[in-house]
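Taking it in order: structure first as structure tokens, then the write-up.
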Amino acid sequence: MITSNINFIQLKALVVKEYREAFRDKRALMVALMMAILAPVGIMVMSKIMIEKLVDEPPVYVKFSGAEHAPKLIKHFADSNLLDFSDVPDDEKSTWEQRNIAIEIPEDYAVDMAEGKPIKLHLQADFTDKAVQPPVRRINSAVRSFSMSIGYKRLLLRGVDIRLLNPVKLVEQDTAKPDATFMLISMMLGIYLMLAAFMSGLSVAIDSSAGERERNVLEMLLCQPVSTLKIVLAKLISASTVAVIGVLLILILTSVSVGFVDLTKIGATFSLDLSTAAVLLLLLLPICFFASACQLFVAFQTKSFKEAQSTVGILIGIPAFIPFVVSMMDDRPQWLNWLPIAGQSMIIENIFKGVDVDWLAVFATSGVTIAITVALVLALAKKLQSEKVVMALS
Amino acid sequence: MIEVNNLHKSFIDKKNKKNTVKALDGLSFTAKDGEITGILGPNGAGKTTCLRTLYGLLSADEGFATIDGISVTDAPLAARAKLGIFPDKFGLYERLTAYEQIDYFASLHGMSGKTKKQAIDQVVQDLELGDLAHRKTVGFSQGQRMKVTLAQALVHQPQNFVLDEPTRGLDVMSTRILRNHLAKFKAKGHCILFSSHVMQEVAALCDRVIIVANGKLAAQGTPQELCELAGEQNLEEAFVKLIGSDEGVAA
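From first to last, the protein sequence lines are chains A and B.
Under our numbering, think of the first position of the first sequence as 818, with each following residue one higher.
Under our numbering, think of the first position of the second sequence as 72, with each following residue one higher.
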């Protein structure tokens, strides 16, 4: 009873002290949580750019002649963002003057239209000019769709089923891999979350290990009647708490910020609802502990703060690297599911693809991750009893 | 009571065997309860290595050390629980206040609640840290840092104190406070072991002096005995003579 009480008092004191130090180091904390704050901004900007690229129909200015004969056609053009040259803003005037796209609408347009005669519109432009090609293509399709809609109406009036006109229809189903279009966003978010789990606790982990040694407080601590296991646990708890806060912030801020981007424009749906966020958090929690344990393990064995920073810096490459490799692999071996980081990143990818969560895989990969974390903690506690690590002897 | 028996410790340079340092070469001594024992020795004599072995930070190649009869290698935690340490290299947690830091070490020794608070208040009062207690330690002067470190070493009233040059950087007032403190603990029957370079201090304070040279015991006894042994008037002369002629005298 008494010993367990002492154990509790010691662990509590260690954890409280680590928390105090971590949360009072405002600058390190800011850097740690910077990633979280940048995440939603990055995702917003990326989606905005992506949407613009995919559905971009910048205004095209065309010199219409005889526009007054065909108001409906002009309106149809305007709906497709094909505007009259007289509306061109001043800063783009010279560009469109140079492109010089002209459409001539014949005088007898209205009469021919009423009589059902073919009408010839004349499009004049330098077709070899690359900058002119996309506007021309758009004018082309605008005219075709306008012409088709009138044609359909005429057939309908005559009692003909317009489906007869399309005996074969191509149904397009996009089965693109995650590297395509919007999936990239969610892939990026997955990698980003993984990175955040690794990065956020980094400064705290280094500061409480290599930093303490450099400030000569570690030796003092190791002379106290506390087991090294408790010391390692306390430091792990504080570093991973910061990591968890980072991940949580990203999830919250992202779910708020995606609401501002209209992904339906490109036919994509991306929502981070509460249950998805909860599953993501559940997946990333073991990663936070695993990451902090790795960092402490490495940092404690370095000789100086600087060495710790550069060595642990390499560790950060892992979470960024593994998901990329995994996402590029076509044949994924089974054992990848079990590996920390790789397993989680595949599950996260599936979540974003909309595939149901494979709970067995979640528990398997989490279990393996936690087991490795425990092994790291035990090994580190053992190492801290050796004079070589304590005194930083080579 | 602290007992050190036949300690040997070498630091081996793997690349160059010639650089191997033999820090301790069969050092033995005993520091008794109710006495202040001073360790004297030139730089590099092995004082700090010996004390680090006592804390359990270094493991001796040969020999053993016990604290109140508990072996520091077999039961390091139990041995350390009986120990208050003022180490050679010390730092402060600069983001904590002095009070929080003393509190931290008190908790590590298993204190809690009212007893802990009383103990902290007592040590803060004894070391005249009242004004500093609730300030963060980041801007503290060397002397103030020493005081905080002393306070955290003494807060749990350990049976044995080990102090590695506790008076460096302290002003006269603080040195006096420390001296009075040590004398009080001695009167209560605690065992105090401290290393120092200041001869007057050792002469004035210590009941017994252990002179260490080249990792070995060079001589031991009361300051008076050591002077007589070397045939000198003051301890400083005696010390120089004793470490210079170790074969003749230590035998």
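Where is the CB? At the ideal position from N, CA and C, for every residue including glycine.
Whole-angstrom distance between residue j and residue i, CA atom to CA atom
i, j, result
"Q213/B", "G181/B", "28 Å"
"V1115/A", "D1024/A", "12 Å"
"L1132/A", "F944/A", "54 Å"
"E318/B", "K103/B", "In this predicted model, E318/B has a pLDDT of only 45, less than 50, meaning its place in the structure is not dependable; the value taken from the coordinates is given anyway. Each residue's Cα considered, the two are about 26 Å apart."
"R837/A", "I860/A", "33 Å"
"M1011/A", "I173/B", "39 Å"
"I1168/A", "S1109/A", "25 Å"
"L264/B", "A254/B", "12 Å"
"L987/A", "D929/A", "33 Å"
"T293/B", "E307/B", "14 Å"
"Q304/B", "A284/B", "21 Å"
"N824/A", "L313/B", "48 Å"
"F232/B", "R841/A", "32 Å"
"V953/A", "N898/A", "13 Å"
"D996/A", "S1003/A", "A caution first: D996/A carries a pLDDT of 42, below 50, which makes its placement in the model too unreliable to give a value."
"L203/B", "V1075/A", "50 Å"
"V1207/A", "K1200/A", "8 Å"
"A1014/A", "I191/B", "39 Å"
"L1070/A", "A856/A", "8 Å"
"I764/A", "Q223/B", "Since the displayed chain A opens at 818 and closes at 1211, residue 764/A lies outside it and no answer follows."
"H893/A", "F963/A", "7 Å"
"C1040/A", "I156/B", "8 Å"
"V219/B", "G210/B", "13 Å"
Contact list for residue i against chain A, beta-carbon separation under 8 Å
i, result
"R331/B", "There is simply no residue 331/B to check, as chain B begins at 72 and stops at 322 in what is shown."
"A152/B", "P1042"
"H180/B", "Q1041, P1042"
Neighbouring residues, chain B, relative to residue i (Cβ below 8 Å)
i, result
"S1044/A", "L148"
"K759/A", "Residue 759/A is absent from the model: chain A starts at 818 and stops at 1211."
"V1034/A", "F161, G162, L163, Y164"
"M1016/A", "Under the 8 Å cutoff, chain B gives no residues; its nearest Cβ is about 21 Å from M1016/A."
Bridge partners - residue i, DSSP secondary structure assignment
i, result
"H79/B", "D96/B, E133/B"
"V280/B", "G109/B, G292/B"
"G155/B", "F232/B"
"Q941/A", "A919/A"
"A102/B", "I73/B"
"C298/B", "For C298/B, which the question treats as bridged, DSSP gives no partner whatsoever."
"I141/B", "I138/B"
"D901/A", "V879/A"
"C262/B", "N231/B"
"T168/B", "K207/B"
"K287/B", "A284/B"
Residue from the options with nearest C-alpha to residue i
i, options, result
"A258/B", "M270/B, C277/B, L241/B", "C277/B"
"L938/A", "L1201/A, L890/A, L1195/A", "L890/A"
"M270/B", "K88/B, G109/B, A284/B, K93/B", "G109/B"
"K1047/A", "L1197/A, A1060/A, A931/A, C1105/A", "L1197/A"
"T144/B", "F161/B, A224/B, L128/B", "L128/B"
"T1093/A", "S1072/A, L1102/A, F1106/A", "S1072/A"
"A274/B", "Q291/B, G286/B, K287/B", "Q291/B"
"L1102/A", "Q1118/A, I1135/A, I1062/A, K1123/A", "I1062/A"
"Q1126/A", "M1005/A, A845/A, L974/A", "A845/A"
"G1130/A", "V985/A, K910/A, G1018/A", "G1018/A"
"L831/A", "L1091/A, F902/A, S1055/A", "S1055/A"
"G105/B", "H79/B, R239/B, G260/B", "G260/B"
"E885/A", "S1074/A, Q1118/A, Y926/A, A1137/A", "Y926/A"
"L98/B", "T91/B, K86/B, N87/B, H79/B", "H79/B"
"E932/A", "D946/A, F902/A, Q950/A, I967/A", "I967/A"
"E874/A", "S958/A, A1022/A, S911/A", "S958/A"
Contacts of residue i in chain B (Cβ-Cβ under 7 Å)
i, result
"V1207/A", "L128"
"A830/A", "Y175, S178, L179"
"I823/A", "G181"
"M847/A", "The contacting residues do not exist; M847/A stays about 15 Å from chain B at best."
"E1204/A", "L128, L129, S130"
Under 7 Å from the C-beta of residue i: neighbouring residues of chain A
i, result
"S183/B", "I826"
"I156/B", "C1040"
N-terminal and C-terminal residue of the beta strand (DSSP E) that residue i is part of
i, result
"C1040/A", "Segment: none, C1040/A is in no beta strand (DSSP E) and carries neither H nor E."
Span of the alpha helix (DSSP H), counted from its first residue to its last, around residue i
i, result
"P1103/A", "1091-1117"
"T124/B", "118-126"
"T220/B", "213-225"
"I967/A", "950-974"
"T1182/A", "1176-1200"
"F310/B", "306-315"
Within-8 Å CB hit, residue i to chain C
i, result
"A856/A", "The question asks about chain C, but that chain is absent: this structure's protein chains are A and B."
Neighbouring residues, chain B, relative to residue i (Cβ below 9 Å)
i, result
"M1163/A", "Per Cβ cutoff of 9 Å: no residues; M1163/A is ~40 Å from chain B at best."
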